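Novice: Residue numbers (the UniProt record's numbering): 1 to 157. Where is the CB? At the ideal position from N, CA and C, for every residue including glycine. Given the structure is predicted, the values throughout are model-derived calculations rather than measurements. A single structure is presented below for examination.
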Amino acid sequence: QLGYQAESGPWRNFYLTGAQELRNGVQKLPTPNTASPDTVRAMTPEMFFDYLAVHINGEKAADAKTVLNFDFGEDGGTYKVELENGVLNHTAGVEASDADATITLSRDVLNKIVLKEETLKEATAKGDVKITGNEEKLNELLGYMDNFEFWFNIVTP
Numbered sequence: 001q002l003g004y005q006a007e008s009g010p011w012r013n014f015y016l017t018g019a020q021e022l023r024n025g026v027q028k029l030p031t032p033n034t035a036s037p038d039t040v041r042a043m044t045p046e047m048f049f050d051y052l053a054v055h056i057n058g059e060k061a062a063d064a065k066t067v068l069n070f071d072f073g074e075d076g077g078t079y080k081v082e083l084e085n086g087v088l089n090h091t092a093g094v095e096a097s098d099a100d101a102t103i104t105l106s107r108d109v110l111n112k113i114v115l116k117e118e119t120l121k122e123a124t125a126k127g128d129v130k131i132t133g134n135e136e137k138l139n140e141l142l143g144y145m146d147n148f149e150f151w152f153n154i155v156t157p
C-alpha cells in the first residue's frame, strides 16, 4: 500500500520493487553479454585496470602483495599494477624494478582474452603472451577476482 500512496516517483518504485521481490523473488534469467567487442576495443588500458580493480575481492586479497608490469608494446605503453591491502592500483608509464612478473602482450590479444575468444593459457602457448618472472603471481591476482551476479535484489537484502 505504501507504494500506491507515495507521491514521489522514485519512492513509489522502491516500494513496488520491494513488494515484487518479496512476492516473486528475482527471476533467474540468462545473463546478457555486456562486454561486446566494440565496448572492449573502446576501453583504454586505464579503464581495463579499473575494471579489474572493481572485481577484486578485498577480503580475500587483504594480505596479498603483488606487483606486475604490463607491456602492451609501442602502441599501448607500460603499466605497473600493484595489489596491496586488498586494493588494486595501476600507474601508466612506469615499470617496477621489483615486479613479481612482467606480462608482454598486444592490445588485440588482451581483447581476445577479455572477450573469451581465447584463454590466457592458449595465448601463452601460442607465444602471443610472454610472461617473465613468477607466473603464479598473475594467477594469484586473477584468483582474487569476484564474479558478480547480474540479476540481484534491488530493495531486499
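#1: Would you tell me roughly how many angstroms separate the C-alpha atoms of residue 30 and residue 97, rounded to the nearest one?
#2: Could you name each continuous alpha helix (DSSP H) segment of 4 residues or more that falls completely within the stretch 78-116, going from the start of the chain to the end?
#3: Across the stretch 97-113 and the stretch 125-135, are there enough close Cβ pairs to call them in contact, namely three or more that are closer than 8 angstroms?
#4: Cα-Cα, which of 141, 74 and 20 is closest to residue 101?
#5: Mind the definition here: the stretch 52-64 touches the stretch 12-27 only if three or more C-beta pairs lie below 8 angstroms; say whether that holds.
#6: Apart from the five residues just before and just after residue 99, which ones in its own chain have a Cβ nearer than 8 angstroms to its Cβ?
#7: Between the C-alpha atoms of residue 45 and residue 156, what's the straight-line distance to the nearest angstrom?
#8: List the residues that DSSP assigns as beta-bridge partners of residue 131.
#9: Is the CB-CB distance between residue 56 and residue 18 below 8 angstroms?
#10: Secondary structure at residue 29, three-state DSSP: helix, strand or coil?
#11: Measure the Cβ-Cβ separation of residue 114 and residue 40 and say whether it is below 8 angstroms.
#12: Taking the alpha-carbon of residue 150 as reference, which of 103, 118, 33 and 116 has the nearest alpha-carbon?
#13: Decide if residue 22 is buried, meaning its Cβ has at least 16 other Cβ atoms within 10 Å, or exposed.
#14: Would residue 82 and residue 89 be called neighbours here (beta carbons separated by less than 8 angstroms)?
#15: By the 10 Å Cβ neighbour count, where 16 or more other Cβ atoms means buried, how is residue 144 classified, buried or exposed?
#16: Could you give the residue range of the alpha helix (DSSP H) that holds residue 66?
Specialist: This is what the structure gives:
#1: Taking the straight line joining both Cα atoms gives about 45 angstroms.
#2: 107-114
#3: yes
#4: Distance check between residue 101 and each of 141, 74 and 20 places 141 closest, using alpha-carbon atoms only.
#5: Cβ pair count under 8 angstroms is below three, so no.
#6: The residues are 67, 68, 69, 80 and 133.
#7: 36 angstroms
#8: 103
#9: At a Cβ-Cβ threshold of 8 angstroms, residue 56 and residue 18 do not count as neighbours.
#10: coil
#11: yes
#12: The residue with the shortest Cα to Cα distance from residue 150 is 33.
#13: exposed
#14: yes
#15: Burial is judged here by how many other beta carbons sit within 10 angstroms of a residue's own beta carbon; residue 144 has at least 16 and is buried.
#16: No alpha helix (DSSP H) holds residue 66; the beta strand (DSSP E) holding it covers 65-71.
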